[in-house]
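Student: My questions all concern the structure below.
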Ligand SMILES: Cc1cc2nc3c(=O)[nH]c(=O)nc-3n(C[C@H](O)[C@H](O)[C@H](O)COP(=O)(O)OP(=O)(O)OC[C@H]3O[C@@H](n4cnc5c(N)ncnc54)[C@H](O)[C@@H]3O)c2cc1C
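Numbering (the working numbering), first residue to last: 10 to 457.
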């Protein structure tokens, strides 16, 4: 990169906020995707919308690639500077700017962590529902990936809570987010989100968790669809494969979900979260599901209704991802969405496809939205694992598409899935031609 660009960036932001050479920490070269390290030419630490505008103006004039970075918890390499240039870190833009009681909104900078948005909402007696698994991600990163989680079936994803905001386009011009809505979910390819006004809602006053074990995957997924159709409006309806339940339970020592019943191995468990204005209303919903037990063909109905039980169940659920990383010699995750009716087929297919290659596939899925997390584990050598995954990936994404699914899943495309994206980036490409004609923002990713 031209040294004049570095000098101009330093002049605009101050020497200390432009890092080059050895001053660039290793964390800026990767995210949570295991695809290797890519060093940028410079890291620029923005603290305000004006900083972002100044950086983009300089980079646009010099056609320097810019990769925006929040907390770097992405799973698809979205914040990784695979084409070099500048990493624009907005993590330091971490101020909660305003709570508007009348409007029930929270105005924040993009570097505020999701966990802090949630606790700020709670401090005002309100609720910010989106629940992607990683609570140390930034709210800007959540907006850029339109992050969602298990409760998206009832509450939707990040996009559904954005009232307005401020974004900076590639040429440094500042826009109201409502005038450039395509930026939400565009994974940093269309503009930089610099401010967000978020809608808060009332938090349900009571909840309980039901666990329904099944002898086969298909019955479990079918039951999930039946539960969704009851009108209970559950906040979570997750399919949990016993293989992942068992693996994770062994790693954490917190075996909460059933693995065997009456000496027989359970194939899967349905985890449903019911909510209501009070305990009686939650109890009514539990009873209506219990009445369906025979039709659902579940082996039992286990209830988590104390604070400790619910905490333990959520801890076990949240540990699937991390225990795979810490407990498997090699692991890799596919995150896709598949229509609910095809989840069982996808699970059975990927288990067989992985087994054929000497690997083991384990999964869980948010049945209402079709969001699937498929983890592949392998005991052999790292290099062999890499080539086996390289062979498996095209088949997984092809199968997902054939089943009417979307390879974006919850995590997005980044560079990890870009070779398989096909039409998934089509709309973004059209918007990019208008908003970032020089193609400086996050090149080599979903919109290329
Ligand atoms: C254990 C674990 C569990 C996870 N579970 C979920 C889950 O359930 N659901 C889910 O959706 N994701 C999940 N994720 C993925 C990740 O946490 C989300 O994608 C999150 O939204 C990324 O936020 P971040 O601040 O880390 O963004 P980064 O990783 O820094 O960036 C992500 C993308 O957003 C862009 N970006 C970041 N900030 C901005 C900004 N201000 N303006 C414009 N573009 C920006 C980047 O360029 C990049 O393309 C999980 C990750 C982990 C490690």
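C-beta: ideal position from N, C-alpha, C; glycine also.
Please report the straight-line C-alpha distance between residue 103 and residue 176, rounded to a whole angstrom.
Tutor: Roughly 15 Å separates the two Cα atoms.
Student: When DSSP labels each residue in this structure, what does residue 49 get in the three-state scheme?
Tutor: DSSP places residue 49 in coil when its eight states are reduced to three.
Student: Would you say the beta carbon of residue 141 is closer than 8 Å to some non-hydrogen atom of ligand 1?
Tutor: Answer for residue 141: yes, Cβ within range of ligand 1.
Student: For residue 301 versus residue 201, is the C-beta spacing smaller than 9 Å?
Tutor: Against a cut-off of 9 Å, the Cβ pair of residue 201 and residue 301 comes out as no contact.
Student: Assuming residue 250 contacts residue 277 under a Cβ cut-off of 8 Å, what Cβ separation, rounded to an integer in Å, is found between them?
Tutor: Confirmed, Cβ separation roughly 6 Å.
Student: Identify every run of the alpha helix (DSSP H) within the region 259-318, keeping only runs that are complete inside it and at least 4 residues long; order them along the chain.
Tutor: The region 259-318 contains these whole alpha helix (DSSP H) runs: 288-299 and 302-305.
Student: What whole-angstrom Cβ distance do residue 346 and residue 378 have, given they're in contact under 8 Å?
Tutor: Yes, they are in contact, since the Cβ atoms of residue 346 and residue 378 sit about 7 Å apart, within 8 Å.
Student: Tell me, please, which residues DSSP counts as bridged to residue 98.
Tutor: Answer is 54 and 78, bridged to residue 98.
Student: Please go through the same chain and pick out, in chain order, the residues whose beta-carbon is closer than 6 Å to the beta-carbon of residue 161, but skip the five residues on each side of it.
Tutor: Cβ within range, chain order: 378.
Student: Quick one: what does DSSP say residue 369 is sitting in, helix, strand or coil?
Tutor: It is a strand residue.
Student: What alpha helix (DSSP H) runs, 4 residues minimum, are completely inside the region 138-205?
Tutor: Listed in chain order, the complete alpha helix (DSSP H) runs (minimum 4 residues) inside the region 138-205 are 148-154 and 161-164.
Student: Say whether the region 94-112 touches the region 49-59, bearing in mind that this needs 3 or more beta-carbon pairs closer than 8 Å, one atom from each stretch.
Tutor: In short, these stretches touch, since the Cβ pair count reaches three.
Student: Quick test of your reading: residue 35 and residue 64, contact by CB under 8 Å. State the CB separation rounded to the nearest angstrom.
Tutor: Actually they do not touch by this definition, with Cβ atoms about 22 Å apart.
Student: Based on Cα-Cα distance, which residue from 381, 426, 356 and 207 lies nearest to residue 106?
Tutor: For the residues 381, 426, 356 and 207, the minimum Cα distance to residue 106 belongs to 207.
Student: Count the C-beta pairs between the region 214-229 and the region 133-151 that are closer than 8 Å, then say yes if the count reaches three, no if not.
Tutor: No contact exists between the region 214-229 and the region 133-151.
Student: Examine ligand 1 and report whether any of its heavy atoms sits within less than 8 Å of the Cβ of residue 426.
Tutor: Not so, every heavy atom of ligand 1 lies at least 8 Å from the Cβ.
Student: When DSSP labels each residue in this structure, what does residue 545 get in the three-state scheme?
Tutor: The structure shown does not extend to residue 545, since the chain spans only 10 to 457, so no value can be given for it.
Student: If you drop the 5 nearest sequence neighbours on each side, which residues of the same chain put their C-beta closer than 8 Å to that of residue 214?
Tutor: So the list reads 285, 286 and 287, once near-sequence residues are dropped.
Student: So does residue 449 have its beta carbon nearer than 8 Å to some heavy atom of ligand 1?
Tutor: For ligand 1, not one heavy atom lies less than 8 Å from the Cβ of residue 449.
Student: If we require 3 or more residues per run, which beta strand (DSSP E) segments fall completely within the region 217-256?
Tutor: Correct list: 245-250.
Student: Beta strand (DSSP E) containing residue 107: first to last residue?
Tutor: Residues 105-109.
Student: Which residues bound the beta strand (DSSP E) around residue 346?
Tutor: From DSSP, the beta strand (DSSP E) with residue 346 extends over 339-346.
Student: Can you pull the DSSP bridge partners for residue 379?
Tutor: Residue 379 is not bridged to any residue.
Student: When the Cα atoms are used, what is the spatial distance from residue 416 to residue 344?
Tutor: Answer to the nearest angstrom: the Cα atoms are 7 Å apart.
Student: Here's the rule: buried if 16 or more other CB atoms are within 10 angstroms of the residue's CB, otherwise exposed. What is residue 462?
Tutor: Summary: the structure shown does not reach residue 462, with the chain confined to residues 10 through 457, and so no result is reported for it.
Student: Is the CB-CB distance between residue 124 and residue 204 below 9 Å?
Tutor: It is not a contact, given that the beta carbons lie outside the stated cut-off.
Student: Hey, is the region 190-198 in contact with the region 259-274, meaning 3+ C-beta pairs nearer than 8 Å?
Tutor: Contact fails: fewer than three Cβ-Cβ distances are below 8 Å.
Student: In chain order, what residues of the same chain have a beta carbon less than 6 Å from the beta carbon of residue 146, not counting five sequence neighbours either side?
Tutor: The answer, listed in chain order, is 80, 82 and 123.
Student: So, is the C-beta of residue 234 closer than 9 Å to a C-beta in chain C?
Tutor: Among the chains of the structure shown, chain C does not appear; only one protein chain is present.
Student: Under a Cβ-count criterion, where at least 16 other Cβ atoms within 10 Å of its own Cβ denotes burial, should residue 210 be classed as buried or exposed?
Tutor: By the 10 Å Cβ count, residue 210 comes out exposed.
Student: Do the region 395-415 and the region 346-356 touch if we need at least three Cβ pairs shorter than 8 Å?
Tutor: Counting Cβ pairs under 8 Å, three or more are found: they touch.
Student: Starting from the Cα of residue 168, find the closest Cα among 384, 310 and 138 and give me that residue.
Tutor: Of the candidates 384, 310 and 138, the one whose C-alpha sits nearest the C-alpha of residue 168 is 138.
Student: Starting from the C-beta of residue 406, find all residues in its chain whose C-beta is less than 6 Å away, skip the five residues before and the five after it, and write them out in chain order.
Tutor: Closer than 6 Å at the Cβ level, and outside the excluded window around residue 406, lie 416 and 429.
Student: DSSP three-state call for residue 328: helix, strand or coil?
Tutor: Note: residue 328 maps to helix in three-state DSSP.
Student: Measure the C-alpha to C-alpha separation of residue 310 and residue 440 and round it to an integer number of angstroms.
Tutor: Each residue's Cα considered, the two are about 49 Å apart.
Student: What does residue 114 pair with, by DSSP beta-bridge criteria?
Tutor: Residue 114 is bridged to 109 and 208.
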